[in-house]
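The structure appears right after this line, and notes come after that.
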Amino acid sequence: MLYKVSAPVVRGGTLTVQGRYLGGPASATIKMGATFDGNGGFDLPAGAIQTWTPNEITFTVPSDLPAGSGYIFITVGNSKSNGLPYSIGQ
């Protein structure tokens, strides 16, 4: 379950997602750029992860992520979190 995404950042900046039951990098994936219902988007590359705990994930926003807004989801095993909106500046 996600409950907070840090303030808008630019590509190459740091984004933090907070929640519960976020798993870990070996058992979960982060999808960015999805629609509100979880369709589309792409998986965040593992190399972008800075820290990952069961309650917080910090990562570098990829330089090729399109500017604008979208939704972020965390999938742990077969369970997809709720989505939260985020915004990436130019």
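Each residue of the sequence shown is one higher than the last, beginning at 1 in full-length UniProt numbering. All residues carry an ideal CB built from backbone N, CA and C; glycine is no exception.
Assuming the contact rule is C-beta atoms closer than 8 angstroms, residue i and residue j should be a hit. Round their C-beta distance to whole Å, please.
i: I88; j: L65; result: 6 angstroms
i: L2; j: Y86; result: Not quite, the Cβ-Cβ distance comes to about 10 angstroms (not below 8 angstroms), so this is no contact.
i: P45; j: P62; result: 7 angstroms
i: Q90; j: V10; result: 7 angstroms
i: M32; j: G70; result: 6 angstroms
i: G38; j: F73; result: 5 angstroms
Just how far apart, CA to CA, sit residue i and residue j?
i: G40; j: S81; result: 15 angstroms
i: Q18; j: T58; result: 9 angstroms
i: T75; j: A7; result: 22 angstroms
i: residue 91; j: G47; result: Nothing about residue 91 can be read from this structure; the chain reaches only from 1 to 90.
i: R20; j: T60; result: 20 angstroms
i: T35; j: S79; result: 17 angstroms
i: G13; j: G68; result: 14 angstroms
i: A28; j: T51; result: 13 angstroms
i: P54; j: G77; result: 14 angstroms
In the DSSP output, what is residue i paired with across the bridge?
i: V76; result: A28, S79
i: Q18; result: K4, E56
i: L10; result: Strictly speaking, residue 10 in this sequence is Val, with Leu absent from that position. Note: V10 sits in a beta bridge opposite G89.
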